[in-house]
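For reference, the structure is listed below as structure tokens.
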Amino acid sequence: MERARQYLQLSLRQSSSSRATEYLNKITAGQAPPPTPVPAQPAATTPSSKTPKPAAEPSTTIIGDRLSIAILPFETKGIGGELGEIDLLDKITTVFFNLHRFKVIERAQLEKVLSEQQLGMTGVIDASTAAEIGKGIGVDAVVCGSIARTGNAASIDARLIDTETAAIITAQDAYANGLNLPALSQMIQEAANKIKNDLPLITGYVIQAEQDRLTLDLGRSRGIRKGMKCHVYREGEPIVHPVTKEVIGKG
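Quick look at the structure:
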């Protein structure tokens, strides 16, 4: 009976007739209907465990020169010949240069000024003297401070000093759990990054101008502090490429 039903179904698919249909209905009476095929469902996708990349921060166009700095010798406390040939001043200078945030004066020029002012490379320099040295070099600010050893650990205290006012613009520190080159390099890098982050490059608008007073749409929440220097400029007309019509700058 089952085979006959299958033959009838096959025959109806190829050539349908009322008689064959009637006979098929008779032999299938009382039997459970065949299961309705269920369309295959795509497998549920497992959410990716990868953390989405944060949106890139908007770039800020640098107007004028970058803040020019000189790296003065750092005072060393408790650190002697165990560093071997590691030159801390060279390492600090390289780290600040690679930040691409400051215009760093070459060490040779710095040593010439120190020699002219009869100052050694000991690093024992107060804020007032540091500012005078910076003025002699012609920079906006100087970086100075100290590196101290405590057992097998080290710490750095770095200050950025305004050469016009001798005021400390920012002061940061960092620590290293070792006296080897990788540990000290990481410590110096951390301190330099803190100084950079404390002097953000931001863009705003002048919303009011009264004689020698300007009001900006920037404030403390954006990292603006008393005594910070800003470049004020007026944007010109867009410069458009004559062929591609692409805006390539502003006048």
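Sequential numbering from 1476 applies to the sequence shown in our numbering.
Here a beta-carbon is modelled for each residue, glycine too, at the ideal position from N, C-alpha and C.
For Pro1713, the uninterrupted beta strand (DSSP E) segment begins and ends at Pro1713 to Val1715.
Between Ala1629 and Gln1647, the C-beta spacing is not below 8 angstroms. Rounded to whole angstroms, the gap between the alpha carbons of Lys1720 and Gly1711 is 17 angstroms.
Per the Cβ contact rule, the segment 1608-1623 is in contact with the segment 1541-1557 (3 or more Cβ pairs under 8 angstroms). Taking C-beta separations shorter than 7 angstroms and ignoring five residues to either side along the sequence, the partners of Gln1584 in its chain run Ile1612, following chain order. Between Ala1667 and Ile1636, the C-beta spacing is not below 8 angstroms. Taking a cut-off of 8 angstroms on C-beta distances, the segment 1658-1678 touches the segment 1565-1577, as three or more cross pairs fall below it. With fewer than three CB-CB distances shorter than 8 angstroms, the segment 1649-1666 does not count as touching the segment 1682-1695. For Arg1688, the closest alpha carbon among the candidates Asn1655, Val1707 and Gly1553 is that of Val1707.
Under DSSP, Cys1619 shares a beta bridge with Arg1634. For Ala1658, the CB contacts under 8 angstroms within the same chain, skipping 5 residues up- and downstream, are Ala1629, Ala1651 and Asn1652 in chain order.
Restricting attention to Lys1725, Ile1663, Ala1641 and Gly1679, the CA atom closest to the CA of Asn1573 is found in Ile1663. Closest in alpha carbon position to Thr1645, among Ile1670, Thr1625, Thr1638 and Asn1655, is Ile1670. The beta carbons of Phe1549 and Ile1622 sit closer together than 8 angstroms. For Leu1693, there is no enclosing beta strand (DSSP E), as DSSP gives it neither H nor E.
For Ile1561, the closest C-alpha among the options Ile1723, Thr1678, Ser1660 and Arg1700 is that of Ser1660. Ile1643: member of the beta strand (DSSP E) spanning Ile1643 to Ala1651, first to last residue. The three-state secondary structure of Glu1586, taken from DSSP, is helix.
Within the DSSP bridge table, the entry for Val1722 names Val1715 as partners. In this structure, Ile1608 is the residue among Ile1608, Ala1602 and Glu1581 with its C-alpha nearest to the C-alpha of Leu1589.
Leaving aside the five residues that flank Thr1690 on each side, the residues in its chain whose CB is nearer than 8 angstroms to its CB run, in chain order, Val1681, Ile1682, Gln1683 and Ala1684. When only Cα atoms are considered, Lys1587 and Asp1601 end up about 19 angstroms apart.
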